[in-house]
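Notes follow once the structure below has been shown.
Chains as they are written, first to last, in the working numbering: chain A, 1 to 403; chain B, 404 to 806.
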């Protein structure tokens with residue numbers, strides 16, 4: 001059996017960038033993955049400007065007197081005259097500091113006299129309340145690197161250097177296939193022995209949360225030839241195909257045989273719980289090999305296996321520079337395993353809740369992988385390394401579930 | 404000056420649910436906010452079923468012999484016959500356990516003899532590898548509560564109990580107005596004294612990340628009558644209006660006067676840095692009072708003020724049960740303020756990065772609020788309470804920036 005980190009690395013070693021690029025406009029930057037590194041072409045700010053509403057002054061003029069007349073008013077967006085000798089300029093936040101001024105005093109520290117002169121209450125230091133040209137960004141500086149997912153703060157930064165369009169990676173098309181004769185669709189009545197298909201909607205939602213184009217490949221047919229035809233049809237339109245169920249030893253359906261006929265499939269035995277062997281291979285299509293993942297049919301196992309192995313692969317193939325699961329340190333508020341049990345031989349991911357302040361972690365009472373409500377209750381998965389017993393107070397790692 | 408928590412509470416006390424509801428289908432559950440509490444109408448699983456591929460057996464039959472013949476094969480989705488006495492049933496994961504069987508032995512612990520009988524290598528305990536009816540969820544159990552944002556795990560859980568449609572809150576329409584004569588649009592050349600409008604795109608992106616319908620209200624005109632007309636037009640189509648810039652003391656534009664004419668506006672002095680006074684009020688429209696927020700024009704201040712005050716208000720108005728900022732505990736790897744400075748009188752939010760494992764927090768070298776690149780570099784804001792000096796190793800609170 002491979003341990004989790006080795007299995008993930010093996011899978012990632014086989015992962016290539018699959019996304020093509022497209023040009024998008026500023027209004028559509030949000031959540032897109034940058035396909036180019038962007039450098040600034042301007043200084044920000046582009047000139048020395050005022051950090052306050054107040055008065056621009058040449059400090060040397062205040063050596064012997066404490067009040068000066070106002071010679072101009074400078075609003076943001078205007079182009080000021082040089083400061084006349086022995087005068088001040090009324091200035092507003094963001095407005096350019098005039099030539100000849102070397103400080104701005106905030107208005108709260110001044111008083112306008114009856115004769116219109118401005119009196120300075122405190123001494124003023126050269127450079128006070130001036131934001132310097134290029135203080136934020138210098139022309140040529142790298143602003144955002146290729147592989148970043150553009151969030152609001154990146155979008156703001158790109159806009160602030162005048163960038164109105166960038167190359168991004170097109171979202172990969174990821175198809176989801178469901179297998180299992182026992183599956184009924186939500187909204188329909190259950191026949192004896194049937195259960196509702198939850199993986200289909202859970203996986204499609206996971207893919208959408210991550211920014212992929214999620215394709216519903218439907219329910220796999222129950223004979224070999226139809227399954228082959230369905231896999232071929234799906235792989236013609238998808239960049240990556242994921243099935244849930246149908247690829248374990250003993251599974252009574254045709255996905256495994258069909259994938260092996262159309263392409264190639266490996267079963268990976270990974271020392272992880274929950275999780276059965278993960279199937280990883282490809283489907284040969286007219287446009288080349290389409291990567292194929294076979295997840296366990298059990299929804300909790302499918303969820304955990306997706307997060308640990310499939311998500312990093314998808315994010316890397318999409319061009320993201322950060323694709324590994326983001327583990328956080330936290331403190332256990334639980335014991336695991338139960339006192340009468342030995343530590344497991346497989347790395348475990350317990351369904352858990354971490355309180356933000358204090359970062360104490362409690363676990364869902366029923367850790368059976370049959371219990372999907374455990375995942376819904378959780379806000380993280382708590383990692384228990386193989387062979388390790390966790391006691392309250394132990395420092396552990398968690399994988400947050402909010403994406 | 405109000406402290407941050409009091410100011411937020413004051414603002415939230417004035418916040419009512421503004422979202423109306425609509426019915427959505429399962430495929431569109433993702434990221435929506437649940438407007439009803441959903442309870443299960445079925446047991447999950449609906450019957451005792453096998454947790455393994457293996458053999459269903461009546462343990463009492465193995466008291467004297469270790470091999471039994473196979474009387475039936477039970478696949479998932481089928482309805483089995485009662486188990487014939489002194490036989491076993493071949494059974495697959497998820498398939499119903501037949502009446503008369505009280506355990507399942509995994510196939511790895513069995514051997515099929517030449518005569519077709521199944522030999523049991525180990526002793527089998529009653530109840531082994533059986534998932535009990537209702538073990539995950541009992542009919543009547545609450546599954547997901549009103550006010551939850553539906554993520555993949557909730558969608559999977561709802562599907563697993565057969566829910567194909569739910570009532571959700573319609574996304575609020577939130578309009579963004581930009582003020583400032585000095586603003587140029589990204590993509591255009593800068594005139595002397597101009598800067599690029601970054602707040603517009605940063606705020607629209609923040610709103611989209613949070614699931615709102617973001618409306619671009621454009622740039623505010625530069626005379627009072629046009630500003631009034633523009634605010635009235637925007638408030639007729641929006642549930643909430645946000646402006647950036649234009650509402651501080653001394654600002655040279657017409658938003659403040661226009662809001663006070665059309666509705667009402669309070670300037671809140673909050674002890675927070677970065678952040679100027681936050682303006683909060685409403686615009687009177689034909690359909691009632693439309694809440695109005697006036698953010699600082701400085702992009703870093705606008706970003707921080709949005710996260711601390713506007714976001715909680717918007718999330719509460721949208722119907723989310725969890726709307727407060729999610730602070731996390733972490734450990735400082737920095738000193739603040741500098742040794743030659745006194746701790747501040749205002750609560751500060753430093754632009755910072757937290758490493759997941761270890762949860763050590765470093766801060767961006769330049770904490771000037773003019774520096775938007777600091778926010779882009781960060782993955783969290785580090786909270787420094789008023790009057791407190793932070794030293795390396797101190798336990799602090801951070802606000803993660805990924806949404």
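We put the CB at the ideal spot given by N, CA and C, even for glycine.
- When Cβ-Cβ separations below 8 angstroms define contact, residue 726 (chain B) makes no contact with chain A.
- Residue state for residue 476 (chain B) is assigned as strand, using DSSP reduced to three classes.
- Between residue 298 (chain A) and residue 599 (chain B), the alpha-carbon positions lie close to 52 angstroms from each other.
- Within the stretch 575-600 of chain B, contact with chain A at the beta-carbon level (separation under 7 angstroms) is assigned to 583, 584, 585, 589, 590, 593, 595, 596, 597, 598, 599, 600.
- Rounded to the nearest angstrom, the gap between the Cα atoms of residue 387 (chain A) and residue 733 (chain B) is 28 angstroms.
- Contact fails between the stretch 563-574 of chain B and the stretch 119-133 of chain A, because fewer than three Cβ pairs, one in each stretch, are under 8 angstroms apart.
- Residue 349 (chain A) has its alpha-carbon roughly 16 angstroms from the corresponding atom of residue 360 (chain A).
- When the Cα atoms are used, residue 590 (chain B) and residue 76 (chain A) turn out to be separated by approximately 20 angstroms.
- DSSP lists B:452 as the bridge partner or partners of residue 499 (chain B).
- Residue 663 (chain B) and residue 19 (chain A) have their C-alpha atoms spaced approximately 51 angstroms apart.
- Put simply, of A:29, A:347, A:39 the residue whose alpha carbon is nearest the alpha carbon of residue 603 (chain B) is A:29.
- The C-beta of residue 700 (chain B) comes closer than 8 angstroms to at least one C-beta of chain A.
- Under DSSP, residue 619 (chain B) shares a beta bridge with B:579.
- Secondary structure note for residue 31 (chain A): it is in no alpha helix (DSSP H), with a DSSP letter that is neither H nor E.
- Residue 555 (chain B) reaches chain A at 202, 205, 206, 209, counting residues in chain order whose Cβ is nearer than 7 angstroms.
- Within the stretch 493-506 of chain B, 495, 496, 497, 498, 499 place their CB atoms closer than 8 angstroms to a CB of chain A, listed in sequence order.
- Taking a C-beta cut-off of 7 angstroms against chain A, the contacting residues of the stretch 468-493 of chain B are 478, 479, 480, 481, 482, listed in chain order.
- When the beta-carbon positions are compared, residue 124 (chain A) and residue 62 (chain A) come within less than 8 angstroms of each other.
- Counting of Cβ neighbours within 10 angstroms places residue 37 (chain A) among the exposed residues, the total staying below 16.
- Residue 720 (chain B) places its beta carbon less than 8 angstroms from that of residue 420 (chain B).
- Between residue 743 (chain B) and residue 795 (chain B), the CB-CB gap reaches or exceeds 8 angstroms.
- Between the alpha carbons of residue 632 (chain B) and residue 615 (chain B) lies a distance of about 24 angstroms.
- Here residue 208 (chain A) is buried: its Cβ has 16 or more other Cβ atoms, across all protein chains shown, within 10 Å.
- With contacts defined as CB atoms closer than 8 angstroms, residue 79 (chain A) and residue 779 (chain B) fail to qualify as a contacting pair.
- By alpha-carbon distance to residue 679 (chain B), the top candidate from A:25, A:319, A:53 is A:53.
- Beta-carbon to beta-carbon, residue 43 (chain A) and residue 152 (chain A) are separated by about 23 angstroms, too far to satisfy the 8 angstroms threshold.
- At a Cβ-Cβ threshold of 8 angstroms, residue 404 (chain B) and residue 673 (chain B) count as neighbours.
- Within chain B, 554, 556 have C-beta atoms less than 8 angstroms from the C-beta of residue 401 (chain A), given in sequence order.
- At a C-beta separation below 7 angstroms, residue 762 (chain B) has these neighbours in chain A: 328, 329.
- Counted as a single uninterrupted DSSP element, the stretch harbouring residue 377 (chain A) is not any beta strand (DSSP E) but the alpha helix (DSSP H) occupying residues 372-377.
- About 4 angstroms separates the CB atoms of residue 217 (chain A) and residue 177 (chain A); that is less than 8 angstroms, so the two are in contact.
- Taking C-beta separations shorter than 6 angstroms and ignoring five residues to either side along the sequence, the partners of residue 451 (chain B) in its chain run 500, 533, 535, 536, following chain order.
- By the criterion of a C-beta distance shorter than 7 angstroms, residue 258 (chain A) is surrounded in its chain by 224, 227, 228, 231, once the five residues flanking it on both sides are discounted.
- DSSP, reduced to helix, strand and coil, places residue 511 (chain B) within a helical segment of the structure shown.
- Take the alpha-carbon of residue 110 (chain A) and the one of residue 119 (chain A): they are about 6 angstroms apart.
- Around the beta-carbon of residue 90 (chain A), 16 or more other beta-carbon atoms lie within 10 Å, marking it buried.
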